[in-house]
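Data block below; observations after.
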Amino acid sequence: MGTQEAVMTTQEIANRLSELFKENKWTEAQNEFFSEDAESIEPPHAQGLQTVKGLDAIRKKGEDFEQMVEELHGGWVSEPIVGGNHIAFSMGIDVTFKGMGRTKMDEIALYEVKDGKIVKEQFFY
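Below, the structure written as structure tokens:
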């Protein structure tokens, strides 16, 4: 029998995501936990950012968001709530977007875990 790497539980992933998010390490979270075919879903009314599928597209979406930001004034992330194979965070940012002025955004981010990887993230704002 070969050695098999233990798959992290949803709670363990939630705890680690919480650490990374609070340190603003979004790319690290994607690299560590997202599956190659993960999906990132925006609400139908979202302006600018669109729903994408695939880790490369999700990384590009993050880069596109950073390009929109003129100045980040602050942000916060709640403790995670775990239910079954889902993890939810409440989070917000205070940001000045290029050409759009300063705004505060609050949202719920919901993550779906399968086999120790995030297969879907969905944002509600």
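The number in the working numbering is simply the position in the sequence shown, starting from 1, with 34 added. Glycine is no exception: its CB is placed at the ideal position from the N, C-alpha and C atoms. Since the structure is predicted, the reported quantities are computational estimates derived from the model, not experimental observations.
query	result
I need the DSSP call for K94, collapsed to helix, strand or coil.	helix
In the DSSP assignment, find the unbroken alpha helix (DSSP H) run with L54 in it and report its ends.	44-56
Cα separation between G36 and G150?	Residue placement at G36 is flagged as unreliable, the pLDDT there being 49, under the threshold of 50; the coordinate-derived value follows with that caveat. Distance between the alpha carbons of G36 and G150 is about 19 Å.
Would you kindly work out how many angstroms separate the C-alpha atoms of I93 and H79, rounded to a whole number?	First, the amino acid is wrong: residue 93 is Arg here, not Ile. Distance between the alpha carbons of R93 and H79: 21 Å.
Assign L106 to one of three DSSP states: helix, strand, or coil.	strand
DSSP state of Q84, grouped into three classes?	coil
Pick from G126, D140, I115, K154: whose alpha carbon is nearest that of N49?	I115
If the criterion is Cβ atoms closer than 8 Å, does the pair F131 and P77 meet it?	no
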